[in-house]
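Going line by line, the protein sequences match chains A and B. Heads up: the first sequence begins at 1 in our numbering, then just goes up one per residue. Heads up: the second sequence begins at 353 in our numbering, then just goes up one per residue. All residues carry an ideal CB built from backbone N, CA and C; glycine is no exception. These numbers come from a predicted model, not from an experiment.
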Amino acid sequence: MLDIKNLTKRFGDFTAVKDVSISVPDGAFLVLLGPSGCGKTTLLRMLAGLELPSAGQIIFDEQVVSDGDQSWSVDPAKRNSGLVFQSYALWPHMSVRGNVEWPLKVAKMPASDRQARVDEVLRLLDIHALADRYPNEISGGQQQRVAIARTIAPKPSVLLFDEPLSNLDAKLRVEMRTELMRLHRATGATTVYVTHDQIEAMTMASHVAVMNEGRVQQFGSPADLIDQPQTAFVATFVGTPPNNIIPVAKNGSGYKVGGRNMALSPPADECLAMYRAEAMQITDQPNERTLPMELVEVSAIAGRTMVTGLSKDLRLTAIVDRADSAQIGDTVQFELPAEPQCWFALDGERIG
Amino acid sequence: MADIAMSRQGRRVFFKQGTVLKIVVLLLLIALIVLPLIRTVLFTLRPDVIGAWGDVLSGRLSTNLFYKPLKNTMLIGLIVSTGCVLLGGFLAWLVVMTNVPYRRTIGVMATLPFMIPSFAAALAWGTLFRNDRVGGQIGWFQGLGFDVPDWLAWGMVPTLIVLTLHYFSLAFTIIAAALATVNSDLVEAAQIAGANGRRILMGIILPVTTPALVAAGSLCFAGAVSNFATPALLGLPVRMQTLSTRLFGMIEVGQVGRGYVIGILLVIISGLFLWAGNRVVSGRRSYATITGKGGRAKRFDLRGARWPLFAFAMMFLLASTVVPVIVLLASSFAPSSANLFSGWTAHYWIGASNPSFAQGVPGIVHNADIVRALLVTLSLGLAVAFTGMIVGLLASYTTARYREGWASAAITQISFLPLLVPGIAFGAAYIAYLGAPIGPFPALYGTFALLVIAGTAYLLPFSVQTGRAVIQQVGGELEESARLTGAGFLRRLGAITVPLAIRGLAAGGILIFVKIIRDLSLVVLLFTPTMPVLSVLAYRYASEGFGQFANAITVVILTISIVATLIANRLQAKSQPWLKD
């Protein structure tokens, strides 16, 4: 079990993490997902023991390891966790083998066990041939593998990753994603993984915590986030393409939706309506459920076509079967389904 | 799944760390830097001394005590800083932005003058240009039969020239660094927009480097107004006083109170200009940190002006580096500076005492004073390098690791405070501070300890800067990842920090060593016959008319400085397998 209870971190007047509570079972793959500056890395550093919480507790396997209310924390090295840094933080003056071996030396593992363990993890990550190279003599992807090998060598029960793939190119990133999932199955370690890339979160996680401005917006499985977004932020941050959010305001007897009156029954006079991209259509002729938009993007995605239109501040994306003959810059009609998938209040909370 | 780490879990560590370290460092810095300054101010406020303020600022003597030296000081500051920015900026532009021939050579030579102590250049000037106005030896030009006019031999003009040729390399370093960060994209974007070379220079490069120009100007100003050696050697013989020579004179004749008052005013003036420069620059600082992909801006093609501009640059560079060294060396062998290059004798180096020669003063190898001064100077350099690096590392580690809180901000501010204090005023403050017993502690005047403590405090801005670079190099995630393994402080130090930082530490230590052994302004007031240092001996010999001895000692200081700098470079270039591509 990994338990986070009411965790808060303040730097002076600035609150980086606000009252976060998350709980995942052993062996879970928890992804902390959010835009930069949302507090996800601070949360990870508290898990690693590098930062002391201002309030709240962190509990690994029923043992409190950080307690912000009591202002104490178990030493980073003694909480049975390992952290892979975003920059990899390989020691430049040690060879690949030296980097992996040193933490085991510090842990006083006997020399013969140590050799065996180093060989084992180097093979596991397929970098055995590079053992005597120095970090600057290997590629970024290989450095990444060394950093992971170094972290898993002491067999931590909690593995922490700080945006590990952000320095890799797109193709390598996809390969390492698969590699990390294989590794997760092989070690069985509870994994906490920080990223701003929602595709990484959706593909790798067993549990996702979407964070914004220091708060957890929603905690659940990837499918939960897609099917049941709890806030407008989650609805627009998660999913490919993201959902469409359109402001709705009461206008006499009807409701004004994106500049046109439509017959809707929203739960409040002013609120936000969410429409999925695949529920929208593009039509040739205006009707009572269409919005005229300027066509700004067309792209082919897996045999279908993603169409994006812009009208003042409103940006809508639809997934349709075939490419429209319209040109970029033309006005096209985006047809909304009869009812939105769900409603959010103006503050972003889900209301129906 | 938990075999290694689990077994060691359970020791709970109280976290509120940093507080003790912060307090220790803060107290240390207060004792080293703040207390001497406060004690100096308090001394001038004592009932029997407070009259010194009136004497200096409004009394009958105030014109000679303060206002005339102030006028000279301001004139020196303004002209020298203007000249330095023009000359340093011109050279920086040549090296960084144009296709002038031998760019690298110009770049290296432009950083050298700052390695040569300013009294070396002043001594060399005297050796060449002295005339017979104040008696003693005449210079080389006079010896050749030229009639060197007074204004060229003494006073303001030579002071301005020597100081400009000394401080321009500071301006060069700052401006070249700023020009090097000018993103090649910026220049190329202007080229695509159709701007020509002049337009790019005036419209893009100059505005972007304005903060560096202002910073260079204010640092050169502060350096020039607080310089002691040059106005003392070239101006004092014709009674041209600056605030720093006045301060020295007052303390030498025992008018300590007046001296301190002048010192405080000097600190205020140089501090004011640095502060004003900082004000102008701040808020626009983001200019200086523009970074981009590597890749050089396309160099400005000088075409036909390449060689003429090269020659023009070399004229200044030779005058500020090669010429003074040759003159000093030749003079240390020549029987008189009127005949620099004939009748050489090694007497000033290895001769025994001979009543018919230089009033019986033996060559510097046989001169017990000088040998002792050499030992004291070298020990002082080593001791200050050692203590300076320790305090510098401690302060920069504390502020890097525990960034929050007023204490860290105070540590940063205080450690850079000595930059505002001219060396001679700092020396005066240390006499006020440790010259008399404090409680149970004895007076330190005339002891080696005083020199070490004052030197450490005075050079703290440099050691903190070096320490910061070292911490940045090895701190952060590299150290954190070592902490995560459970390695203790000493283990991390031995296995991670020191191997990675050793080059930076050694180079920083040598930089401090060189700075202290060629310093004159700080030690000139702390000097006592029992604790002689080379630079002050050179100054004394020069002012007593023994130019050759002064020049020979200066050659020794120069040689040590150059050798130490070469060792530092060597250390940095030492092959390290993890650094090769």
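In the three-state scheme derived from DSSP, where H, G and I count as helix and E and B as strand, B/Pro-851 is classed as helix.
Taken through DSSP and simplified to helix, strand or coil, A/His-128 comes out as helix. Here the region 852-871 of chain B makes contact with the region 811-818 of chain B; the two share three or more CB pairs at distances below 8 Å. When DSSP assignments are scanned along the region 67-96 of chain A, the uninterrupted stretches of beta strand (DSSP E) that are 3 or more residues long and fall wholly within it turn out to be 72-74 and 81-84. Contact annotation: B/Leu-812 and B/Gly-740 have beta-carbon atoms nearer than 8 Å. In the DSSP assignment, A/Ala-149 falls within the unbroken alpha helix (DSSP H) covering 140-152. Residue range 492-495 is occupied by the alpha helix (DSSP H) that includes B/Trp-492. In chain order, Ala-77, Trp-102, Pro-103, Val-106, Ala-107 and Pro-154 make up the part of chain A whose C-beta sits under 8 Å from the C-beta of B/Thr-837. Apart from sequence neighbours up to five positions away, the residues of its chain that approach B/Asp-653 with a beta-carbon distance below 7 Å are Asn-451, ordered along the chain. If you compare the alpha carbons of B/Gly-715, B/Asp-499, B/Leu-889 and B/Leu-874 with that of B/Leu-771, the shortest gap goes to B/Leu-874.
Under the three-state reduction of DSSP, A/Cys-271 is assigned to strand. Residue pairing from DSSP places A/Thr-290 in a beta bridge opposite A/Glu-335. Contact between the region 759-766 of chain B and the region 379-390 of chain B is present: three or more C-beta pairs spanning the two stretches fall below 8 Å.
The CB of A/Leu-50 comes closer than 7 Å to the CB of Glu-832 in chain B, given here in chain order. In this structure B/Leu-618 is in contact with B/Leu-595, their Cβ atoms being roughly 4 Å apart against a cut-off of 8 Å.
Inclusion of B/Val-448 and B/Ala-523 in the CB contact set at 8 Å is not warranted, their separation being larger than that value. Between the region 605-614 of chain B and the region 397-415 of chain B there are three or more inter-stretch CB-CB distances shorter than 8 Å, so the stretches are counted as touching. When DSSP reads this structure, A/Asp-3 sits in a beta bridge with A/Ser-23 and A/Ile-59. For B/Leu-389, the uninterrupted alpha helix (DSSP H) segment begins and ends at 387-396.
In the DSSP assignment, A/Cys-342 forms a beta bridge with A/Met-274. Look at the region 415-479 of chain B and you find these whole runs of alpha helix (DSSP H), each 4 residues long or longer: 420-449 and 455-463. Below 8 Å, enough C-beta pairs join the region 98-118 of chain A and the region 834-848 of chain B to call them touching: three or more. For the region 84-99 of chain A, the set of positions with a beta-carbon nearer than 7 Å to some beta-carbon of chain B reads Phe-85, Ser-87, Ala-89, Trp-91, Pro-92 and His-93 in chain order.
Within 7 Å of the CB of B/Ile-848, the CB atoms of chain A belong to Trp-91, in sequence order along the chain. Inclusion of B/Ala-567 and B/Ser-433 in the CB contact set at 8 Å is not warranted, their separation being larger than that value.
The beta carbon of B/Asp-502 lies closer than 8 Å to those of Asn-483, Arg-485 and Val-590 in the same chain, with the five residues before and after it left out. Contacts with chain A at 8 Å (Cβ-Cβ) do not include B/Leu-845.
Spatial neighbours of B/Gln-489 in its own chain (CB-CB distance under 8 Å, excluding positions within 5 residues in sequence) are listed in chain order as Arg-482, Ser-688, Ser-689, Ala-690, Gly-897 and Gly-899. Contact between B/Ala-902 and B/Trp-701 does not hold, since the beta-carbon distance rounds to 13 Å and is not under 8 Å. In the three-state scheme derived from DSSP, where H, G and I count as helix and E and B as strand, A/Gly-220 is classed as strand. Annotation for A/Ser-36: His-196 place their beta carbon closer than 8 Å to its own, counting only its chain and skipping 5 residues before and after. Here DSSP, grouped into helix, strand and coil, assigns A/Lys-105 to helix. Inclusion of A/Pro-337 and A/Ala-273 in the CB contact set at 8 Å is not warranted, their separation being larger than that value. Taking C-beta atoms under 8 Å as the contact rule, B/Leu-585 and B/Gly-478 qualify, at a distance of about 6 Å. Taken through DSSP and simplified to helix, strand or coil, B/Gln-817 comes out as helix. Here the C-alpha atom of A/Leu-47 lies approximately 11 Å from the C-alpha atom of A/Val-64.
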